[in-house]
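Novice: The structure follows.
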Amino acid sequence: MSAADDARVEALQQEVARLMQRIDELERAAGLGAPTHRHLKRGSVYAQLGLGQVQSSRPIVEGDVLTIYRAENGSLWARPEQEFNDGRFKPLEPS
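The sequence shown begins at 9 in my numbering and counts up one residue at a time.
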(Lines of atoms letter the chains of each structure in order from A and count residues from 1; the text may use other names and numbers.)
(Lines give C-alpha, C1' and ligand atoms only; values in the text may rest on other atoms or scores of the structure.)
Protein backbone atom coordinates (compact mmCIF):
# COMPACT_ATOMS: atom_id res chain seq x y z
CA MET A 1 0.00 0.00 0.00
CA SER A 2 1.07 3.54 -0.64
CA ALA A 3 1.49 6.19 2.03
CA ALA A 4 -1.74 7.79 0.80
CA ASP A 5 -3.58 4.47 1.23
CA ASP A 6 -2.13 4.08 4.72
CA ALA A 7 -3.33 7.59 5.59
CA ARG A 8 -6.85 6.82 4.30
CA VAL A 9 -6.98 3.58 6.30
CA GLU A 10 -5.80 5.40 9.43
CA ALA A 11 -8.40 8.15 8.92
CA LEU A 12 -11.16 5.56 8.47
CA GLN A 13 -10.08 3.66 11.58
CA GLN A 14 -10.15 6.88 13.60
CA GLU A 15 -13.60 7.75 12.26
CA VAL A 16 -14.92 4.27 13.12
CA ALA A 17 -13.49 4.57 16.65
CA ARG A 18 -15.11 8.01 17.03
CA LEU A 19 -18.47 6.71 15.82
CA MET A 20 -18.30 3.67 18.12
CA GLN A 21 -17.58 5.95 21.06
CA ARG A 22 -20.55 8.14 20.11
CA ILE A 23 -22.81 5.09 19.86
CA ASP A 24 -21.68 4.02 23.34
CA GLU A 25 -22.45 7.52 24.67
CA LEU A 26 -25.93 7.51 23.12
CA GLU A 27 -26.69 4.01 24.41
CA ARG A 28 -25.66 4.97 27.93
CA ALA A 29 -27.70 8.20 27.76
CA ALA A 30 -30.73 6.14 26.72
CA GLY A 31 -30.05 3.54 29.40
CA LEU A 32 -29.13 0.93 26.80
CA GLY A 33 -25.99 -1.06 26.44
CA ALA A 34 -24.70 -0.46 29.96
CA PRO A 35 -23.63 -3.78 31.48
CA THR A 36 -26.11 -5.15 34.00
CA HIS A 37 -24.69 -8.61 34.71
CA ARG A 38 -21.33 -10.37 35.01
CA HIS A 39 -20.82 -14.01 34.02
CA LEU A 40 -19.19 -15.47 37.13
CA LYS A 41 -17.08 -18.13 35.40
CA ARG A 42 -15.78 -16.03 32.46
CA GLY A 43 -15.94 -12.60 34.06
CA SER A 44 -17.46 -11.07 30.93
CA VAL A 45 -20.24 -8.50 31.29
CA TYR A 46 -23.59 -8.34 29.52
CA ALA A 47 -26.52 -5.95 29.20
CA GLN A 48 -29.89 -7.54 29.89
CA LEU A 49 -32.32 -6.14 27.33
CA GLY A 50 -35.47 -7.62 28.79
CA LEU A 51 -37.43 -10.82 29.16
CA GLY A 52 -38.96 -12.46 26.13
CA GLN A 53 -40.90 -15.51 25.11
CA VAL A 54 -39.65 -18.19 22.76
CA GLN A 55 -41.98 -19.21 19.96
CA SER A 56 -40.77 -22.12 17.86
CA SER A 57 -42.23 -24.95 15.83
CA ARG A 58 -39.26 -27.17 16.74
CA PRO A 59 -37.09 -27.75 19.80
CA ILE A 60 -34.32 -25.22 20.34
CA VAL A 61 -30.84 -26.51 21.10
CA GLU A 62 -27.67 -24.84 22.33
CA GLY A 63 -26.00 -22.87 19.58
CA ASP A 64 -29.19 -22.13 17.64
CA VAL A 65 -29.31 -18.58 16.29
CA LEU A 66 -32.45 -16.76 17.40
CA THR A 67 -33.99 -13.58 16.05
CA ILE A 68 -35.08 -11.30 18.89
CA TYR A 69 -37.95 -9.00 17.99
CA ARG A 70 -40.25 -6.58 19.79
CA ALA A 71 -44.02 -6.42 19.36
CA GLU A 72 -45.95 -3.15 19.17
CA ASN A 73 -46.91 -3.59 22.84
CA GLY A 74 -43.21 -3.75 23.80
CA SER A 75 -43.06 -7.49 24.53
CA LEU A 76 -39.92 -9.28 23.37
CA TRP A 77 -39.99 -12.52 21.42
CA ALA A 78 -37.34 -14.97 20.21
CA ARG A 79 -37.67 -17.32 17.28
CA PRO A 80 -35.14 -19.44 15.39
CA GLU A 81 -33.66 -17.36 12.58
CA GLN A 82 -34.83 -19.85 9.93
CA GLU A 83 -38.44 -19.52 11.10
CA PHE A 84 -38.27 -15.73 11.19
CA ASN A 85 -37.04 -15.69 7.59
CA ASP A 86 -39.19 -18.52 6.17
CA GLY A 87 -42.02 -16.28 4.97
CA ARG A 88 -44.06 -15.85 8.17
CA PHE A 89 -42.73 -12.28 8.45
CA LYS A 90 -42.58 -9.82 5.57
CA PRO A 91 -40.20 -6.83 5.67
CA LEU A 92 -42.01 -3.49 5.70
CA GLU A 93 -41.43 -1.02 2.90
CA PRO A 94 -39.36 2.00 3.99
CA SER A 95 -41.58 4.99 4.66
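In this text, a Cβ means the ideal position worked out from N, Cα and C, and glycines have one as well.
With which residues is Ala86 paired in a DSSP beta bridge?
Specialist: Ala86 pairs with Val62 and Ile76.
Novice: Once DSSP output is grouped into helix, strand and coil, what is the label at Val53?
Specialist: Of the three classes helix, strand and coil, the one that applies to Val53 here is strand, per DSSP.
Novice: Starting from Arg46, follow its DSSP beta bridges and name the residues at the other end.
Specialist: Val53, per the DSSP bridge assignment.
Novice: Measuring alpha carbon to alpha carbon, tell me which of Ala38, Tyr54, Ala19 and Ile68 ends up nearest Thr44.
Specialist: Taking only the C-alpha atoms, the option nearest Thr44 is Tyr54.
Novice: Is Gly60 closer than 7 Å to Trp85 when the C-beta atoms are compared?
Specialist: Closer than 7 Å, so yes.
Novice: From the DSSP output, in three-state form, read off Leu27 for me.
Specialist: Three-state DSSP puts Leu27 in a helix.
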